[in-house]
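Residue numbers (our numbering): -15 to 659. C-beta atoms are modelled at their ideal positions from N, C-alpha and C, and glycine is treated no differently.
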Ligand code: WT7
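Set out below in structure tokens:
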């Protein structure tokens, strides 16, 4: 599908005004980790790739590496070759000497009458070791095996991740909000024979039954041909089972029971090759099944550690709260691996940000003395809508704030800056992706001014370029949008798509690679799949995805996945999903369907279709509205014109429709939707 048909935002750019620069507060600069303007020089392209030694040197290596970058398998890059290390050791053990008694994780349960858990590095060390013993000695898992995790936001999630990493086991954490179907497909694709879940967790005041979703996942995986032989079940309240779903004899085990055999057991961290696999993270692509984005141990960990230190400005004495879900890459990189690698105290909040009221987030910030806050535009919009004056009522002080995941409107940015940050915080708008491991564009908080709505220039070591469809560079300040690419590889970039190298090459490199046989990294610019404009000062403004992926609340959803889900309903003939603008979530899916002959539209049917999307993809994909239309607007070649449907949903001009095969349908749909 062409960019135009998909309604990609290239043409908006020209009308956008550049916002003013705002300088970081002096108090922030005074304490910042990175105040040396020479950093950009150290990471200029002529120092590539050796400059990344600075990243690797933030880690402890069991065996130091000999080759910074090996390009012989281009574009599957190998970083820090010859090196051996362990991610769990780097995030836990090595901090014991200095920070044994310091909090590693502040766990805030959703119910306000439950106490906050302040877990020290010592305690984290103990729990990771004992959990690793269960994985190794009870489950028989070893380095290179895959394990699927379907865990919500409780400390058991990072503990399980770190226990896997300790043994070189590859974890694949599936967002807890995803359905059994989605989880099962990911179990199958990753070929996991162990699923780790929990009985229940709190969300919006309710203790949800989570274990039952795992049962569905195991069934789905089995149908696809992947047998799960063990389901490990954590308990929200140890010893008290919170799920209605029966434990299957010989398959399901309570982790808390198993742990009793491993009290005080210590499991040596396994020295792993730098280019070993740390985890898989499934993300939606433009077509078909989700992609298992494969991240390395050495390159990834070095990358997120450096970014946590320099861009997040985390010091061990800070209280850092990234309010994202660990089930997404933001949580992997910036709740767990990056912060813990640099001995941070990281906050994990279990529940809904507005539970029980719009002041909850700011109360947590006040109670825990959070001074670094990190979240997404969707949550910022939601908090602004729920309680625009709430932050002023609480006595907290942020030195640093992050926005991530989608473009932020300058209006919303200004509320974040003035009201949430009380005008005292440095803000970074970090642009990156599941595939990139860590940040690509952002300001360095103490060195560069902030600009509302712009992500900033490439971070040190990242050299962005905007290309037009023919591969020509669009110069900074041209006021024209194009495809944002990164000229060079970097250590945080995924290694490949799990079991699908061809798809990796095709999705991210094919379009702009001039010589597919080249082993020179210069021939392989990374295409992110976003449309962007670069201002004269090099600051990048991201406009959105160029492929047909909808970014809802900072999470990518494949339109194809949603449409296929709708088509599982017997009555549905065609389905088209479009991105409808939404005040809170940025965009939400609107679903248009037409029916097979002989069926009639009804509210019940619309609800059934909506329900199918929730079941197959997950609640997050539930359409805002399902419109059952008499027919889809189509080109003469039969392609559904999603752009027209999007204009109708967004009450924009539908443009010239005379070339359609059925132009008359447009007005009919418009009336149905808008009147
Ligand atoms: C897509 C990646 C980044 C981790 C969370 C989402 C969009 C991300 C920004 C930003 C504008 C952004 C892009 C990107 N995006 N950050 N600061 N400004 N857009 O990870 O699910 O892999 O989604 O999110 O479109 O391609 P993801």
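- In the DSSP annotation of this structure, the continuous segment of the beta strand (DSSP E) that includes residue 469 starts and ends at 466 to 470.
- Excluding five sequence positions before and after residue 76, the CB atoms of its chain that fall closer than 8 Å to its own CB belong to 88, 105, 108, 109, 112, 146 and 324, given in chain order.
- In this structure, DSSP gives residue 583 a state outside helix and strand, which the three-state scheme calls coil.
- With a threshold of 7 Å, the Cβ atom of residue 417 counts as near the ligand WT7, since some heavy atom of the ligand is closer than that.
- Residue 550 holds the alpha-carbon nearest to the alpha-carbon of residue 599 among 550, 582, 624 and 52.
- Bounds of any beta strand (DSSP E) do not take in residue 296, whose DSSP letter is neither H nor E.
- Under the three-state reduction of DSSP output, residue 501 falls in the coil class, being neither helix nor strand.
- Cβ atoms of residue 448 and residue 424 come within 8 Å of each other, at about 7 Å.
- A straight line joining the alpha-carbon of residue 481 with that of residue 141 spans about 23 Å.
- Of the heavy atoms belonging to the ligand WT7, at least one sits nearer than 7 Å to the Cβ of residue 413.
- Under the DSSP assignment, residue 515 falls in the beta strand (DSSP E) whose first and last residues are 510 to 518.
- Assignment of residue 248 by DSSP, reduced to helix, strand and coil, places it in the coil class.
- Taking non-hydrogen atoms of the ligand WT7 into account, the C-beta of residue 388 is found less than 7 Å away from one of them.
- Minimum Cα-Cα distance from residue 451 among the listed residues 103, 198, 497 and 521 corresponds to 497.
- When DSSP assignments are scanned along the stretch 208 to 266, the uninterrupted stretches of beta strand (DSSP E) that are 3 or more residues long and fall wholly within it turn out to be 214 to 218 and 236 to 238.
- For residue 174, the enclosing alpha helix (DSSP H) stretches over residues 164 to 174.
- Taken in chain order, the complete alpha helix (DSSP H) segments of 4 or more residues contained in the stretch 22 to 72 are 23 to 26 and 37 to 40.
- Within the model, the alpha-carbon separation for residue 78 versus residue 326 is close to 10 Å.
- In this structure, the C-beta of residue 391 approaches the ligand WT7 to less than 7 Å from one of its heavy atoms.
- The shortest CA-to-CA distance from residue 531 to any of 363, 590, 399 and 491 is the one to 491.
- Going by DSSP, residue 305 is part of the beta strand (DSSP E) stretching over 303 to 306.
- In the DSSP assignment, the residues bridged to residue 279 are 263.
- Between residue 160 and residue 136, the C-beta gap is smaller than 8 Å, which places the two residues in contact.
- Nearest Cα to residue 612 within the set 5, 642, 604 and 581: 581.
- Inter-segment contact for the stretch 420 to 440 and the stretch 522 to 537 is present: three or more beta-carbon pairs are separated by less than 8 Å.
- Within the model, the alpha-carbon separation for residue 209 versus residue 298 is close to 45 Å.
- Residue 194 sits in coil when the DSSP states are folded into three classes, being neither helix nor strand.
- In terms of Cα proximity to residue 384, the closest of 399, 398, 376 and 411 is 411.
- Counting along the chain, the unbroken alpha helix (DSSP H) around residue 113 starts and ends at 105 to 117.
- In this structure, residue 35 and residue 445 form a Cβ contact; the two beta carbons are roughly 6 Å apart against a cut-off of 8 Å.
- When only Cα atoms are considered, residue 51 and residue 29 end up about 18 Å apart.
- For the pair residue 541 and residue 605, the CB atoms are nearer than the 8 Å cut-off.
- Pairing residue 625 with residue 236, the inter-Cα distance amounts to about 48 Å.
- Nearest C-alpha to residue 360 among 488, 416, 378 and 343: 416.
- Secondary structure at residue 339: coil, using DSSP grouped into helix, strand and coil.
- A contact is defined here as three or more CB-CB pairs under 8 Å, and the stretch 463 to 483 meets this definition with respect to the stretch 495 to 515.
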